[in-house]
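Single-structure report; data block below.
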Amino acid sequence: MLSARRGTLRLLRALMVGAVVVPAALFAYAGWVSWQSTHALADDRITRSLDVLHEHALKVLTTGNLVLGEIVEAVDGRTADQIRTREPELQRRLERMADLLPQVQSIWVIDRDGYALVSSYFAPAPRNAPLADRDFFRAQVEQDRGTFVSSVFMPRLVDGPSFFSMSRRLSTLDGRFNGVAAVSMLPGDFEKFYAELARGPGELFAMMRDDGAFLARYPGSAGTVAALDRETSPFFAQIARAPDRGLYTGLSRNERTERRVGYRRVEGYPVYVVAGIETSAIRSEWLWPLTSHLVFGLPATILLFCVLWLAHQRTVGLYAEADRREVAEAALRHAQRLEAVGRLTGGVAHDFNNLLMVISGSATRLRRSELDDKENRLIEMITTAAERGEALTRQLLSFSRQQALSPQSIDLALRLPELSELISRSLADDVEVTIDVPDLACPVKVDPGELEIAMLNICVNARDAMPNGGRLVITVRELTLDEAREDGLAGDFIALAFADTGGGIPPDLLPRVFEPFFTTKDQAKGTGLGLSQVYGFARQAGGDVRIDSRLGGGTTVMLLLPRVPLEAAAAAPRPEPAVAAHGRKTVLVVEDNLPVADVCRSYLDQLGYDVAFAASPREALTALRENHAVDIVLSDILMPGGMSGVDLARELRTVAPSLPIVLMTGFSDRAGDVARDGFPVLRKPFGVDALQRELSAALTRCEARERAKAPGIA
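If you use numbering that gives the first Met the number 0, the sequence shown corresponds to residues 0 to 713, in order.
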C-alpha cells in the first residue's frame, strides 16, 4: 500500500513537473518561432519599401538629370552675355519643362561668378543674389563632378519650403569653368510620398547623400534633422562592407533610438534610400501574442502554436502571391516608364519640328537670294542638318507611336527577299546573311518605309555586335498565341526573327534596350534610338517586339506583327505637280508661333497668295466674321487658349462649310480625331511644294463640291 501511494505521488509530481515543463517548452518554442517570423516579416517590409523608394528616387533623379542634360546642351560653350541675350527664350523653355515635370521646383542657369542668368521661377532672373556659396556651385568650380546632388537649403529670394539641387558644370569652349546648370527639388514632395507609404508605427523612410546629409525624411524633415555622424553612425561602417545595399540593426545616437535599417544606393547617383523600423515596434509586434499566451495558459499556448502554424502556411501563400505580384508590377512599371518617356519625346518633337520648320524655311528663303559659293555651301549645311533633325524627330515620334503612317498589306514571304540587297549593304563584308522564308503567304499590314527602317536598325545593331564577322539569320514564320500574355497579345501573328552570333547583351541591360537614347555604343556610333524606333513601330502596328540574348550566345530580336488577309496591292497615286496658285487667293494662317508664321508667309508669297494672320483660333473666328475675303484657312493643331486647330476646323465646318481648311502640325496626340473628321494634315517641317499641293488639293475639292451643288448638275 505504501509503495503504491509513493508511486502515485511520484506520478503526480511527474505530472506536475510535466504540467509546468511542457507548457514552458511550448511557450519557449512558440516565442522563438514568433520572434523569427516577426523579424523576417520586418525585413521583408523593409526590402519591399526599399524597392518602392529606390524606384521613386531613381525616376525623379533621372528626370532631373535628363533636364540638366538638355539645359547643358542648350547653353554649354556660350558666354554669359550670349545666354543673357537669349534669356526670354530660355526662360520660357525652362518654365515649360518645370511645368511639365511636377517633381521639379525650379531650373537655373548660373554664371561663373554665382549670379543667375536664367530661371524658370523668375523672369528676368535676379542679379542681386549671388549663389556662389551654395555647395552645388562650389563643387563644380575646381573640377567637373558630373551630376552633383546638394544638401538641403532654405530659399533666399522668397519665403518657401526648403529644397535641394542637382547641378551640372558648364564649360567654355576651351574647357574652363563657366557656371552651372541646376534643378531644384522639394524634400516635401518626397516626404509626402513617404508619409503615404507608411503603414505602421516606428517606420522611418529617408533619402540621403553618401556623406550622411539627409535630403528627405519621414517622420521629421530633412531641414530639421542633423546629418549622420561619420565617426559614430553604424550606417557608414555598414556601407564600408556592403556599399550598394544591406540590412543592419543599429542605434541612432541623434535620437537614442535603435532601429532595424535597410539601405540601397540609387543607381548612378551618390544617394541612398533608407527604410527602417524601430526595434521596439518589432518587439511590440512579437510580445503581443506572447502576452495573450500567458493570460490564457496552456490551452492558449496550444492554440497559439496552431495559429502560428496556420500563419506560416498563410505567409508562404502570401509570399508566393507577392512574388507573382512583383513580376506583374515590374512589367507594369516598365510599360508605364516607356509610355511616359514616349509622351515626353512626343512633346519635345512638337517644339523641335517648329524649330526645324523655321530653320528649313529660312534656308529656303536664303537660297533664293544671290549668294556666293561659300554662302551657298553654308546654306546646304544648314539644310542637311535640318533634314537630319527631321529624321531624328521621326524616330522620336515612332517611339511615342504618334508617327503618321501609311499602312499597306505586304507579303513578307515576297518582300523580304527583295530587301536582301539593302540588308547586305547595311552589314560588313564578313557577315554572312541567311534569309529563310516559307512557301506560303505571310501578309501583314504595316507602313513599308517604317518596316524597312526597323529592319535596318536591327541589322545595324547585329553588325555592331559582330565586329569580327559572323552570321545573321532572318526567318519568317507563322505564330499563334492561344492565350493573352501580360501584354494582351493573342491571335495569329507573323514572327520576323533576326538571330546573330554576336557577344550577346548582359542580363542587367536587357530590360533597357528599348528605352530612347540608351546605348552601350560609343557616342559616334549610335544615338540609342534604333531599337526605340523598332519598339514604337511594332506597338503601333498592333504587335510587339521581343528580345532574347545571352552573353557569348548571340541575340535574337523577334518582331511580332498581326497576320491580316492578303490584299491586292493598290496602284500608287500619281503625285500632283506643285504649280502656282491660279489667281490671287487669300490664305488665313492661324499660328501662335511667330517664326513659323513668318516662314508660312514667305512660302505663300512665293506661291502668289495673299496672306492674313491670326494668333489663335478665336482670333481667326473674329477675323472671319469681320472679313469674308478669305479663300482657305491654314491652321496649326496645337495652340494655347483652350481651343485647338481641330476645334477651329469643326467650328468652320458648321459656320462656313464651303471654306476649305488645311491643318498642320509637328506632333499631335489628336491625329486620330483629325483622320476621323477627314481634315487634311500637313506635317511639319514642310516645304513650299508640299504646301502648294495641299492647298491646291483643298481648293480643288471645295470647287468640286460647289459645282456639284450648282443647279442642273447631276
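In this text, a Cβ means the ideal position worked out from N, Cα and C, and glycines have one as well.
Would DSSP call residue i helix, strand or coil?
i, result
"residue 191", "helix"
"residue 245", "strand"
"residue 579", "No answer about residue 579 holds up, because its pLDDT of 43 lies below 50 and its placement is not dependable."
"residue 32", "helix"
"residue 157", "coil"
"residue 678", "coil"
"residue 478", "strand"
"residue 705", "helix"
"residue 585", "strand"
"residue 234", "helix"
"residue 719", "For the chain, the structure presents residues 0 to 713; residue 719 sits outside this window and is missing."
"residue 443", "strand"
"residue 715", "With the chain covering 0 to 713 only, the question about residue 715 has no answer from this structure."
"residue 227", "coil"
"residue 126", "coil"
"residue 590", "coil"
"residue 43", "helix"
"residue 372", "helix"
"residue 695", "helix"
"residue 683", "coil"
"residue 639", "coil"
By the DSSP assignment, the alpha helix (DSSP H) with residue i in it spans what residues?
i, result
"residue 603", "593-606"
"residue 136", "134-137"
"residue 459", "447-464"
"residue 98", "86-99"
"residue 716", "Because the chain is modelled from 0 through 713, residue 716 falls outside the range shown and cannot be assessed."
"residue 652", "644-654"
"residue 424", "419-425"
Kindly identify the DSSP beta-bridge partner or partners of residue i.
i, result
"residue 432", "471"
"residue 274", "204, 261"
"residue 561", "492"
"residue 215", "206"
"residue 178", "169"
"residue 497", "473, 556"
"residue 105", "183"
"residue 22", "Looking at the DSSP assignment, residue 22 forms no beta bridge with any residue, so it has no partner."
"residue 152", "162"
"residue 250", "257"
"residue 147", "166"
Since residue i and residue j are thought to touch, with beta carbons under 8 Å apart, how far apart are those beta carbons, to the nearest angstrom?
i, j, result
"residue 512", "residue 457", "The Cβ separation is near 11 Å, so there is no contact."
"residue 589", "residue 637", "In fact, because the Cβ distance is near 12 Å, the residues do not count as touching under 8 Å."
"residue 207", "residue 271", "6 Å"
"residue 587", "residue 622", "7 Å"
"residue 468", "residue 503", "Rounded, the Cβ-Cβ distance is 16 Å, inconsistent with contact."
"residue 542", "residue 558", "7 Å"
"residue 102", "residue 37", "In fact, because the Cβ distance is near 36 Å, the residues do not count as touching under 8 Å."
"residue 629", "residue 611", "7 Å"
"residue 264", "residue 278", "Not confirmed; about 24 Å, so no contact."
"residue 415", "residue 274", "Actually they do not touch by this definition, with Cβ atoms about 52 Å apart."
"residue 471", "residue 425", "About 10 Å separates the two Cβ atoms, so there is no contact after all."
Between which two residues does the beta strand (DSSP E) containing residue i stretch?
i, result
"residue 507", "Unbroken run through residue 507: none, as it is neither H nor E."
"residue 118", "115-118"
"residue 664", "660-664"
"residue 545", "543-548"
"residue 407", "407-410"
"residue 635", "631-635"
"residue 609", "609-613"
Pair every Cβ in the segment 190-206 with every Cβ in the segment 125-143, then say whether three or more of these pairs are closer than 8 Å. no
Would you call the segment 166-177 in contact with the segment 242-262, where contact means no fewer than 3 C-beta pairs closer than 8 Å? no
With a threshold of 8 Å, are at least 3 pairs of Cβ atoms found where one atom belongs to the segment 150-159 and the other to the segment 38-52? no
Are the segment 436-443 and the segment 408-425 touching by the rule of at least three beta carbon pairs closer than 8 Å? yes
Looking at C-beta atoms only, is the number of pairs between the segment 118-125 and the segment 86-104 that lie closer than 8 Å three or more? yes
Would you be able to state if there are at least three C-beta pairs under 8 Å between the segment 548-562 and the segment 490-503? yes
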